[in-house]
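Worksheet for the structure shown next.
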Amino acid sequence: MLNFRRNPKAGKNRAGLNENYARELMELHTLGVNGGYTQADVIQVARVFTGWTIDRPLVDGQFRFVPDRHEPGTKKVMGRTFKENGEREGRDLLHFLATRPATAHFVCGKLAVRFVSDNPSAGLVNRMAATYLSSGGDISAVLKAMYRSPEFWSTDVYRGKVKTPLEFVVSAVRAANTDVANLRPLANALREMGMPLYGSIPPTGYKWDAADWVSTAALVGRMNFALALAANRLPGITTAWTSPPGAPSPQSEEARLEALLLAGETSQTTRAAMLRLFETQSATTDPAQPVSGDSGLQNRAPTAPERPDRLLAGLLLGSPEFQRR
Amino acid sequence: MTLNRRFFFHKGAFALAGTTAIPGFLFRSVLAQSTPAPKHRLVVIFLRGAADGLNIVVPYREKNYYVMRPSIAIPQNQVIDLDGFFGLHPSMVGLKPLYDLGHLAIVHAAGSPDISRSHFEAQDYMESGTPGVKSTGDGWLNRALREEDLRAPQLRSAFRAVALGSEVPRTLAGSIPATALNTVNNLQVGARGPEASLAASAFEAMYGSSGDHILHPAGEATFDAIKMLRAANPEQYTPAAGADYPNSEFGNRMRQVAQLLKASLGVEAAFTDVTGWDTHHAQGGVNGQLPNRLRDFSNSIAAFWRDMGDGAGNITIVTMSEFGRTAHENGTGGTDHGHANMMFILGATVKGGRVYGRWPGLDREQLNEGRDLAVTTDYRQVVAELVERTMGTTNFDLVFPGASLTSKRFLNLA
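So the sequences go chain by chain: A and B. Here the first sequence stands for residues 490 to 814, where the numbers follow the numbering used here. Here the second sequence stands for residues 7 to 420, where the numbers follow the numbering used here.
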């Protein structure tokens, strides 16, 4: 973060302060934007962190404190005085910020959005924040408080979250027990879905709510990834779709794959949309007749899939149900 | 994150509670019909990261500008003079002909009345159109389209509101469906393999009949967009002669905005953004990081304008950035988060060739909090004038609730 945000090099010149790290520390990583700090506090925090830098940042350097660049004198942040104390000032300030109630609410709100719902209830967040403060910021205690809350187990939040692209890709590969010898196609897919690995441009990191991940472009990307993964079209990424012996019916194959990939929790409408393909196919004798009259997506007559299990698996992974968790 | 996914799945057979409400605004577009072109089109370009307006439209007669920016100021003899007081950054030479033709207007010292210096908060406020109000759920441009519908229902098209990018921006969020796409040429499901068309029709049926209150409408809009785009055949696109788009992300986006506008898709509002403006460090003066960004920015817009040719007659472009940057340069050869900024407005009917807005000055007592260019024009006044001129907006309270805008305070630039 220090490297990313270019901590000030010239500390003794007040006009030369760089406020950015100070602002983002409070806004994005501790107190939150309504956490009670002012522009004056931003400047004071920037003064505290003068002299904090990275030794040779472009070659994976380590943290370094440069006393010559540290602005001397007492600083005052949100009513708390930080007496001249070199590097220690910044460490004390970090502890001060980490233990504010606003930080507890901000961090716990993020955890609740991550694990429970896009709009977690105030009661849940308050309970988690109280645990955060009483446990001295013990995140495992906070998570336990979350798991033990009725809000966590409410049916209202069951599958309440839309998967992020990373969750979608990883859950697809894991559900299908796919052998991944080459990670690159997965990384490429994530980039196309707007979530490149370790590539978040804003210092907030990626968001966890559905609004950011559901759009025309994103859905097309998910459906295509699902089909490519299931058909073993991604180089170095192989799923062994072991069909039972004989000629299983589409219905039994659908049921088997649904149990494997979605724990059998697919809606009737999704199931019907998949099985209709096979009905239409066996009924279609005129090769020019489209599969469904109103879809307009057919360029040519459908051909019977060589491996119905792969098509079914691709459809299940791209289904609305698989986009949720 | 170490939790097993099945930990959640195995909780039991809960119903998909609360997911059956399907919004009433859903629509089905007429398949493969070209949509008549709207009478007017608005293109919004958001400069994310807070562009340094003082080094873009340079107040080169301000002595204090040079005092406060000893290493990054643009020398007087290097600016592209606009009116004897302001000058464009020299790397924006591509936009000067549009200014001289009277198509390009500039508003300086514009911005949001909210004093936030947080990128994320200020962008959110600027896009929602309600500075200081966090609870607003939709964006100003979506509300402007809705306001137009309330007076005279417009033809519905999946592309009436479109954004280049992988997500619908806040500006376009709301009850009028908006489409987001990364690139216009690869929007199809099941692009490869003999089962592609089977898969596409199955997905379409799945999402079309789903009870999921988020994925059902998104899926329907997606398949509408795919069909319309296929009918419009944008792969065949060649820009007009002389429209030399830079080979950059923004250049490619502007080329695709032109593609979409030229195809008969009924695009009325288009949005794209351009990043890389958060120049805290080594931003450069005449040359360097910011100048390179500005060259790309202005050449992309100039190429777009040339590309649209006669079609530009009903297009208005407006640019905005969440706030400006400090009047002083900082200790690392850059600038920090400030307040007011400039806006570009480009259009055949714009009264361009002028820099609008009251200039607040750069003396210490004239600066906002002693450090930033003060805001003298609420950006919503500018935007409201543009939506009135293009969409015929009459109910400004719907588009910008709480702003109490009236046409009396317009700058009369369009």
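Ideal Cβ placement from N, Cα and C applies to all residues, glycine included. All values derive from a computational prediction rather than experimental measurement.
{"Asked": "Mind checking Asp627 (chain A): buried by the 16 CB within 10 Å criterion, or exposed?", "Found": "exposed"}
{"Asked": "Which of the residues in the region 126-157 of chain B, read from start to end, lie with their CB under 9 Å from any CB of chain A?", "Found": "Phe126, Glu127, Lys140"}
{"Asked": "With distances taken from CA atoms, which of B:Asp313, B:Leu392, B:Phe416, B:Leu411 is nearest Arg477 (chain B)?", "Found": "Given that chain B is displayed from residue 7 to residue 420, the structure contains no residue 477 (chain B) and the question cannot be resolved."}
{"Asked": "Please classify Pro776 (chain A) as buried or exposed, where buried requires at least 16 other C-beta atoms within 10 Å of its C-beta.", "Found": "Residue placement at Pro776 (chain A) cannot be trusted, given a pLDDT of 42 that sits under 50; what the coordinates show is reported in the next sentence. With fewer than 16 other Cβ atoms within 10 Å, it is exposed."}
{"Asked": "Along chain A, which residues have their Cβ under 9 Å away from the Cβ of Gly272 (chain B)?", "Found": "Near Gly272 (chain B) there are no residues of chain A at all, since even the closest Cβ is about 15 Å away, more than 9 Å."}
{"Asked": "Determine, using beta carbons only, whether Ile182 (chain B) comes closer than 8 Å to chain A.", "Found": "no"}
{"Asked": "Going residue by residue through the region 94-126 of chain B, where are the continuous beta strand (DSSP E) segments of at least 3 residues, counting only ones entirely within it?", "Found": "110-117"}
{"Asked": "Should Ile323 (chain B) be flagged as near chain A, meaning a C-beta pair shorter than 8 Å?", "Found": "no"}
{"Asked": "Using the beta-carbon count (16 or more within 10 Å), is Pro734 (chain A) buried or exposed?", "Found": "exposed"}
{"Asked": "Below 6 Å CB to CB, which residues in the same chain sit around Pro44 (chain B) once its five sequence neighbours on both sides are set aside?", "Found": "Glu274"}
{"Asked": "What span of residues does the beta strand (DSSP E) with Pro65 (chain B) cover, start to end?", "Found": "63-65"}
{"Asked": "Under 8 Å between C-beta atoms, does Leu221 (chain B) make it to chain A?", "Found": "yes"}
{"Asked": "At which residue ranges does the region 144-172 of chain B contain complete alpha helix (DSSP H) runs of 4 or more residues, listed in the order of the chain?", "Found": "146-157"}
{"Asked": "What separation, rounded to the nearest whole angstrom, lies between the Cα atoms of His286 (chain B) and Ala601 (chain A)?", "Found": "33 Å"}
{"Asked": "In whole angstroms, what separates the C-alpha of Glu768 (chain A) from that of Leu300 (chain B)?", "Found": "58 Å"}
{"Asked": "Output the residue ranges of the alpha helix (DSSP H) runs that lie fully inside the region 347-417 of chain B and measure 4 residues or longer, sorted by chain position.", "Found": "385-397, 402-405"}
{"Asked": "Spell out whether any CB of chain B is found under 8 Å from the CB atom of Val512 (chain A).", "Found": "Looking at the sequence shown, residue 512 (chain A) is not Val but Arg. Closer than 8 Å: yes."}
{"Asked": "Determine whether the beta carbon atoms of Arg512 (chain A) and Arg123 (chain B) lie at a separation below 8 Å.", "Found": "yes"}
{"Asked": "Where in the region 733-762 of chain A do unbroken runs of the alpha helix (DSSP H), each at least 4 residues long, occur, reported from the N-terminal end onward?", "Found": "739-751"}
{"Asked": "Is it the case that the Cβ atoms of Asp302 (chain B) and Ser254 (chain B) are separated by a distance below 8 Å?", "Found": "yes"}
{"Asked": "Can you name, in chain order, every residue of its own chain whose Cβ lies under 7 Å from the Cβ of Ala591 (chain A), other than the five neighbours on each side?", "Found": "Leu520, Gly521, Gly524, Gly525"}
{"Asked": "8 Å is my cut-off, CB to CB: does Pro809 (chain A) come that close to chain B?", "Found": "yes"}
{"Asked": "Per DSSP, which one or two residues make a beta bridge with Ala333 (chain B)?", "Found": "DSSP output for Ala333 (chain B) lists no bridge partner at all."}
{"Asked": "Using the Cβ count rule (16 or more neighbours within 10 Å means buried), how would you classify Val73 (chain B)?", "Found": "exposed"}
{"Asked": "If you draw a straight line from the alpha carbon of Ile80 (chain B) to that of Gly291 (chain B), how long is it in whole angstroms?", "Found": "6 Å"}
{"Asked": "For the beta strand (DSSP E) that Arg553 (chain A) lies in, which residues bound it at each end?", "Found": "552-554"}
{"Asked": "What is the residue span of the alpha helix (DSSP H) that Leu53 (chain B) lies within?", "Found": "That residue, Leu53 (chain B), is in no alpha helix (DSSP H); its beta strand (DSSP E) goes 47-53."}
{"Asked": "Relative to the C-alpha of Lys572 (chain A), which candidate in A:Val534, A:Gly612, A:Leu506 has its C-alpha closest?", "Found": "A:Val534"}
{"Asked": "Taking the straight line between their C-alpha atoms, what separation do you get for Ala504 (chain A) and Asp369 (chain B)?", "Found": "For Ala504 (chain A), the predicted structure reports a pLDDT of 43, less than 50, and the residue's modelled location is therefore unreliable. A value from the coordinates is still provided. Looking at the two C-alpha atoms, the distance is approximately 16 Å."}
{"Asked": "Anything in chain A within Cβ reach of Glu173 (chain B), meaning under 9 Å, just list it in chain order.", "Found": "Gly683, Ala700, Asp701, Trp702, Val703, Ser704, Ala706, Ala707"}
{"Asked": "Thinking just about the alpha-carbon of each residue, which of A:Pro724, A:Met712, A:Ser610, A:Ala529 is nearest to the one in Gly568 (chain A)?", "Found": "A:Ala529"}
{"Asked": "By alpha-carbon positions, which one of B:Gly367, B:Asp58, B:Gly339 ends up nearest to Ser77 (chain B)?", "Found": "B:Gly339"}
{"Asked": "Quick check on Met326 (chain B): does DSSP put it in helix, strand or coil?", "Found": "strand"}
{"Asked": "At 7 Å on the CB atoms, spell out the chain A contacts of Val195 (chain B), in chain order.", "Found": "Val709, Met712, Asn713"}
{"Asked": "Please say whether Leu675 (chain A) and Val658 (chain A) have beta carbons closer to each other than 8 Å?", "Found": "yes"}
{"Asked": "Alpha carbon to alpha carbon, how far is Gly562 (chain A) from Leu583 (chain A)? Give it in angstroms, no decimals.", "Found": "18 Å"}
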